[in-house]
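Trainee: Same order as they appear, the protein sequences are chains A, B, C and D.
Per my numbering, the very first residue in the first sequence carries number 233; after that it's consecutive.
Per my numbering, the very first residue in the second sequence carries number 233; after that it's consecutive.
Per my numbering, the very first residue in the third sequence carries number 233; after that it's consecutive.
Per my numbering, the very first residue in the fourth sequence carries number 233; after that it's consecutive.
Structure incoming, see below.
Protein chains: 4
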Amino acid sequence: MPGSEVRADCWMSEYMTPWDVYLHGLTAVLEHKKTPFQEMYLVETGAYGKALVLDGKWQSSVVDEFLFHEPLVHPAMIQHGAPRRVLVLGGGEGATAREALRWRTVEKVAMVDIDREVVEACRRHLPEMHQNAFDDPRLELVIDDALDVLGRNDEKWDVIISDLSDPIEEGPSFRLFTKEFFEEAQRALHEDGCFAVQAGPVAPGEFQLHVRLVRTLMAVYPHVLSYSSHVPTYGAPWGFILASARPLETRPDPETVDRLLAEKTAGGFRMLDGRTLLGLLQTPLHLRQAIEKETTVYTLAQPPRFFGKGSLGEKSG
Amino acid sequence: MPGSEVRADCWMSEYMTPWDVYLHGLTAVLEHKKTPFQEMYLVETGAYGKALVLDGKWQSSVVDEFLFHEPLVHPAMIQHGAPRRVLVLGGGEGATAREALRWRTVEKVAMVDIDREVVEACRRHLPEMHQNAFDDPRLELVIDDALDVLGRNDEKWDVIISDLSDPIEEGPSFRLFTKEFFEEAQRALHEDGCFAVQAGPVAPGEFQLHVRLVRTLMAVYPHVLSYSSHVPTYGAPWGFILASARPLETRPDPETVDRLLAEKTAGGFRMLDGRTLLGLLQTPLHLRQAIEKETTVYTLAQPPRFFGKGSLGEKSG
Amino acid sequence: MPGSEVRADCWMSEYMTPWDVYLHGLTAVLEHKKTPFQEMYLVETGAYGKALVLDGKWQSSVVDEFLFHEPLVHPAMIQHGAPRRVLVLGGGEGATAREALRWRTVEKVAMVDIDREVVEACRRHLPEMHQNAFDDPRLELVIDDALDVLGRNDEKWDVIISDLSDPIEEGPSFRLFTKEFFEEAQRALHEDGCFAVQAGPVAPGEFQLHVRLVRTLMAVYPHVLSYSSHVPTYGAPWGFILASARPLETRPDPETVDRLLAEKTAGGFRMLDGRTLLGLLQTPLHLRQAIEKETTVYTLAQPPRFFGKGSLGEKSG
Amino acid sequence: MPGSEVRADCWMSEYMTPWDVYLHGLTAVLEHKKTPFQEMYLVETGAYGKALVLDGKWQSSVVDEFLFHEPLVHPAMIQHGAPRRVLVLGGGEGATAREALRWRTVEKVAMVDIDREVVEACRRHLPEMHQNAFDDPRLELVIDDALDVLGRNDEKWDVIISDLSDPIEEGPSFRLFTKEFFEEAQRALHEDGCFAVQAGPVAPGEFQLHVRLVRTLMAVYPHVLSYSSHVPTYGAPWGFILASARPLETRPDPETVDRLLAEKTAGGFRMLDGRTLLGLLQTPLHLRQAIEKETTVYTLAQPPRFFGKGSLGEKSG
């Protein structure tokens, strides 16, 4: 805007599509390193507080992460009703575990992240995010490949939450967005368990990854639901998917949910309650139609090739 | 992202906050002029098609405008149930009128825009948006100041829709976001009428304008509801407000809504149906709490000073 | 800078290196089209006036083009002393021809440009640059490929000026920066003629193209001189090369040059006179050393692969 | 450029004019702090190595700093011929002192910088720049305000070099670009001494600060010379000024200079030798004309108000 006052000297750029760039003005770079798995930035933004960026892609910011982590975790927990054992895949910031641990019914949260250096840097720099979740005796931190962990898993989980970074070709996670992996996850779920997946942007023209992930989960689970939340620092509305062997309640009664949360959790929710949940679960028409038309299912033989947060790879292929 | 391929040479920048810049890659600048009221760009973006930009602020893009215009218009229309007379304030692209005209019950849509040059340029360049709404015999186009038009209005309207550009100090519209103006609108509404307002971003830390507009409307109308929609090219979730003398239905039955739409409209909705509406109306917890705490009401003596799409003016004051 | 006031909404970006971006704030896009040869933008910048951009690379701006065109043309003209016949290759803006026509000794300037649409757009939009050079009866405009024109040329020229756009792989000109082409040019030169070439940036770490062009010309001509000028909108100091069969005067007496210019030209110089010329011809030490060490000669079999204004292609190869 | 590959995620922006932005792609932020005097970034750029940025303005980069520091120091040293005592004002990187210490005739270099934290950070992070100049027993480092130091100075200096950051209003140095300060410097100079000043950009339309500094020095010294050097990371050609009570040699014989440098210095020059010096001293015509026309002299009552590297403050005033 002509006449605007600019406050930043230092910027992180993110490509939301091959044509759209979001420049986040920084006030500090807290840590920057190339780990064996990815390039990590821990920065402080002028508008949204501290943030984690992996391979050039925004993971979460202190000011708006609740709009990501609460919708990622609680719809699955509420569907289950009384989760005791929760498996978190990824989620290095510790915020996904933090939300799971909010439930008093929870006895164990196993958090599996491949990248020790990211987890340690988040633990050091982002106390606002993990809120000491790492010190909760119910948390078991496993530094390993989620695929290997699931492969040798012989426990049953009430809720599994996939909070993995987007499946870019160069990154560590693209195999974890395939039918084979979702089948592994299903084997590790209780029959009344629920699986929640962070599932890419749902902006029009940029939701191909999301829609195909829905179809891929539908090839494994009888009940699948797409929902989304506005996370401003992602520059796009963000998609999630619930999958379960049991029917999913898509029009829960808000007051019943509020009573459940009051009874079973320690509270402290910022965005989520019964009414918010009812809103979240109403997948809008254009997404329902896109899901209906989609036919591609991701497999290890044909995994997603997500390039940046736009799906450049797939679009040009 | 290292290794990303960039596709644009020419960019439009927009400040979402004083620290956050969205760069939209362009493929063409279709028209650019300074009208007596504002600076207008009509551009073609690489990812989101043609777009209108006024005073450096994104108004709408062909690819995602349905995520703005459908939620702006139809919740008010559905609340009323059988709107016959609709007054649109602003909305130069013609897309707001287009949505109102989708209702077969509608006999007249009066569209009041202050800037003839913007309306004409949109009519010329954006047929995908207006879809010949300007040629509908039910449409009356009035080039005038909305304040003056309401001041001398002696008709009663079933639905009034405020689709005015954000109240930046230099722009033409900041007086139209005040208690006095909302009272004028109330006088022009049927007692069972409904008022819908485009009402600024609702990103955390950037929703002050929205929340204060809610309080300002609450000072005039007994029933007020905040809701929002994801519009990717705005770079932030976007807020709307419904206001009415009649109670607003916040948990409509989706099937009933779908029947109403089937009966009363010509169809063609892309995002909105009963289920989407049910989702839209569930204001999330953090916004409800922010509205509850807010006390400021905008008046002509103390109008909003919105600076860019972030509320720089207000924040620094 | 924190607190800076930004004046532009619309920007042209140029990559000076794969890591360095120059954003030029625009006030207008005058014309934009894809010709059969390249993508053309004619824009108006906030700080440097109207400008021509081809394939994303800045060609010239009204405010600082004299810092490019005067050093491109006059050192060769002055070396010759009384040029009558001048051949300009490229130079679609007409400013190179304009400078050549400043010489009263000149009887004919043939200007060969491959792209009629670029020449016509410049003629229409950039009168400040061509200053009616196209109407000078001594100018002959030839729309053709410079390689073909030189191939069938049977005239002898006193001065040949290569003002071709940089040899990017996708562009129309990379074959015109090779030994074979420079030999063609030599055949078309009088034995006392002089050849001047626009020859890429000379920023440290980005001067490989320039240095190799010097070596390529040294493989053809006995006397070769590298010189450079500061052109701010290029974001880098810019190199030129003089080549001749005759020895080049590298320490001309400024007063003698001033007398020559007074006698032989119509005046109107902005940057160039005897003293400026003396300065221009003193190639700095680091460039002389880099030229000495370089061994690569560009040929049709191994042409330059210049990518953007940084030499990304060559560096990564 | 369409199809360009971008290599950076993290950027430093600098406004070269209110309309022109240079984005430097970073590979690391080495240090960032707000000192009592200014905001400091020590960064690593992808193309130009490590760099120092103060108050959002580029000070120097490892790869191209020799194009700034050699022309800043040696023309004055060569004019003097056998400098023994050198006073450096500013120059926190240590590179200006490094160049002065290259002279074997030099017995003492006093370096006065106001900001201990900047000097210490440069000493820590930029050994390529200072090259251990801080350990040379001939160097005396004084952390103080240059104005105070000159005020109580009772020594005479052969060469004084002003390497102060640009006179932005918020910064620590704008009083050091005034007639009063230049008079103080004159009192501290031997009668055959020479004063060298870093003196702002000389891009057309952006050289007002430079031209006025020349006029300001001309109000104090009988002999004044403007010269400039291409420093790519500054995004503009950069000006310097020599001032002396003795006539300045503007057409030195290159071979004589080379013999002087061979005899009196330890060598190691990258850009400067006799021929380069002869080129540097030939102020181009357009700058000579602009200096001639200028009448403003900066005083403490009317100091420069340089805003960013463009002269926004002055232009709009």
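Ideal Cβ placement from N, Cα and C applies to all residues, glycine included.
Of the residues that make up the region 242-263 of chain D, which ones have a beta carbon closer than 7 Å to any beta carbon in chain A?
Mentor: From the region 242-263 of chain D, only C242, W243, M244, S245, A260 and V261 have a Cβ closer than 7 Å to chain A.
Trainee: May I ask which residues mark the beginning and end of the beta strand (DSSP E) holding V374(D)?
Mentor: From DSSP, the beta strand (DSSP E) with V374(D) extends over L371 to I375.
Trainee: Listing by chain order, which chain C residues have their CB less than 8 Å from the CB of L510(D)?
Mentor: The answer, in chain order, is R483, L510, G511 and Q514.
Trainee: Is there at least one Cβ from chain C nearer than 8 Å to P211(D)'s Cβ?
Mentor: Nothing can be reported for residue 211(D): it is not among the residues displayed for chain D, which extend from 233 to 549.
Trainee: Between the region 288-317 of chain C and chain B, which residues of the former have a C-beta closer than 7 Å to a C-beta of the latter?
Mentor: Cβ contacts with chain B come from G288.
Trainee: According to DSSP, simplified to helix, strand and coil, what is Q521(B)?
Mentor: Correct three-state label for Q521(B): helix.
Trainee: So that I know if they touch, is there some Cβ in chain A lying closer than 8 Å to that of H357(B)?
Mentor: It does not; no Cβ of chain A falls within 8 Å.
Trainee: Is the region 446-459 of chain C touching the region 471-479 of chain C, taking contact as three or more C-beta pairs under 8 Å?
Mentor: They touch, by the three-pair rule.
Trainee: Quick test of the definition: if touching needs 3 or more C-beta pairs under 8 Å, does the region 311-324 of chain D touch the region 344-352 of chain D?
Mentor: Output reads yes: the region 344-352 of chain D touches the region 311-324 of chain D.
Trainee: For L445(B), go through chain A and note every residue whose CB falls closer than 9 Å to its CB, in chain order.
Mentor: Within 9 Å Cβ-Cβ: nothing; L445(B) doesn't reach chain A, min ~18 Å.
Trainee: Go ahead and label L544(C) buried or exposed: buried means 16 or more other beta carbons lie within 10 angstroms of its beta carbon, across all protein chains shown.
Mentor: Since pLDDT at L544(C) reaches only 36, below the 50 mark, its modelled position is unreliable, and no value is offered.
Trainee: Suppose you measure from the CA of D252(A) to the CA of S394(A); what does that come to, to the nearest Å?
Mentor: Roughly 27 Å between the two C-alpha positions.
Trainee: Rounding to the nearest angstrom, what Cα-Cα distance links E372(C) and L504(D) in this structure?
Mentor: Rounded to whole angstroms, E372(C) to L504(D) spans 44 Å at the Cα level.
Trainee: Going along chain A in order, which residues have a C-beta closer than 8 Å to the C-beta of D505(B)?
Mentor: L517, listed in chain order.
Trainee: Can you name the residues of chain A whose CB is closer than 8 Å to the CB of Y273(D)?
Mentor: By Cβ distance, chain A contributes D241 and C242.
Trainee: Can you say whether K282(C) is buried or exposed, counting buried as having 16 or more other CB atoms within 10 angstroms of its CB?
Mentor: That one is buried.
Trainee: Give a yes or no on whether the C-beta atoms belonging to A486(D) and L510(D) are separated by under 8 Å.
Mentor: Note on identity: in this sequence residue 486(D) is Pro, with Ala being the wrong assignment. Cβ distance < 8 Å, so P486(D) and L510(D) count as in contact.
Trainee: Assign F501(C) to one of three DSSP states: helix, strand, or coil.
Mentor: Looking at F501(C) - three-state DSSP - the assignment turns out to be coil, as it is neither helix nor strand.
Trainee: Taking all protein chains shown into account, decide if P404(A) is buried (16 or more other Cβ within 10 angstroms of its Cβ) or exposed.
Mentor: With 16 or more Cβ atoms within 10 Å of its Cβ, P404(A) is classed as buried.
Trainee: Can you name the residues of chain D whose CB is closer than 9 Å to the CB of A279(C)?
Mentor: The contacting residues are M248, T249, P250, W251, D252, A435, G437, E438 and G542.
Trainee: Please confirm whether R502(C) has its beta-carbon closer than 8 Å to some beta-carbon of chain D.
Mentor: It does: the Cβ of R502(C) has a partner Cβ on chain D nearer than 8 Å.
Trainee: For A435(A), I'd like the list of residues in its chain whose CB is within less than 7 Å of its CB, leaving aside the five on either flank, ordered along the chain.
Mentor: Contacts found: A468 and P469.
Trainee: How long is the line joining the alpha carbons of V381(D) and P268(D), rounded to whole angstroms?
Mentor: When rounded, the distance between both Cα atoms is 19 Å.
Trainee: So what does DSSP say about R348(C), is it helix, strand or coil?
Mentor: Looking at R348(C) - three-state DSSP - the assignment turns out to be helix.
Trainee: Select from I346(A), G425(A), A279(A) and M272(A) the residue whose C-alpha is nearest the C-alpha of Q291(A).
Mentor: Looking at the Cα atoms, M272(A) is the closest of the given residues.
Trainee: Within the 8 Å Cβ cut-off, does G467(C) reach chain D?
Mentor: For G467(C), the answer is yes, since a Cβ of chain D falls inside 8 Å of its Cβ.
Trainee: Counting contacts by CB-CB distance shorter than 8 Å, is H462(A) in contact with chain B?
Mentor: Chain B, which has a Cβ nearer than 8 Å to the Cβ of H462(A), makes this yes.
Trainee: For T497(B), which residues of its own chain have a beta-carbon under 7 Å away from its beta-carbon, when the five flanking residues on both sides are left out?
Mentor: The residues are R334, W335 and R336.
Trainee: Fully enclosed by the region 423-454 of chain C, which alpha helix (DSSP H) runs are 4 residues long or longer?
Mentor: The region 423-454 of chain C contains these whole alpha helix (DSSP H) runs: 440-450.
Trainee: Could you check if Q521(A) is buried or exposed, using at least 16 other CB atoms within 10 Å of its CB as the buried criterion?
Mentor: Result: exposed.
Trainee: I believe P307(B) touches R239(A) by the beta-carbon criterion, under 8 Å. Please report the beta-carbon distance rounded to the nearest angstrom.
Mentor: Their Cβ separation, rounded to whole angstroms, is 36 Å, which puts P307(B) and R239(A) out of contact at 8 Å.
Trainee: Between V374(B) and L532(A), what straight-line distance do the alpha-carbon atoms span, to the nearest angstrom?
Mentor: Going from the Cα of V374(B) to the Cα of L532(A) covers about 59 Å.
Trainee: Quick check on this structure: which residue in E481(A), S245(A), Q534(A) and D241(A) has the alpha carbon closest to the alpha carbon of P399(A)?
Mentor: The shortest Cα separation from P399(A) among E481(A), S245(A), Q534(A) and D241(A) belongs to Q534(A).
Trainee: Quick check on the DSSP output: the beta strand (DSSP E) that includes E360(D) runs from which residue to which?
Mentor: No beta strand (DSSP E) holds E360(D); the alpha helix (DSSP H) holding it covers P359 to H362.
Trainee: Mark W527(C) as exposed unless 16 or more other C-beta atoms lie within 10 angstroms of its C-beta, in which case mark it buried.
Mentor: Here residue 527(C) turns out to be Thr, not Trp, going by the sequence shown. Its Cβ having fewer than 16 others within 10 Å, T527(C) is exposed.
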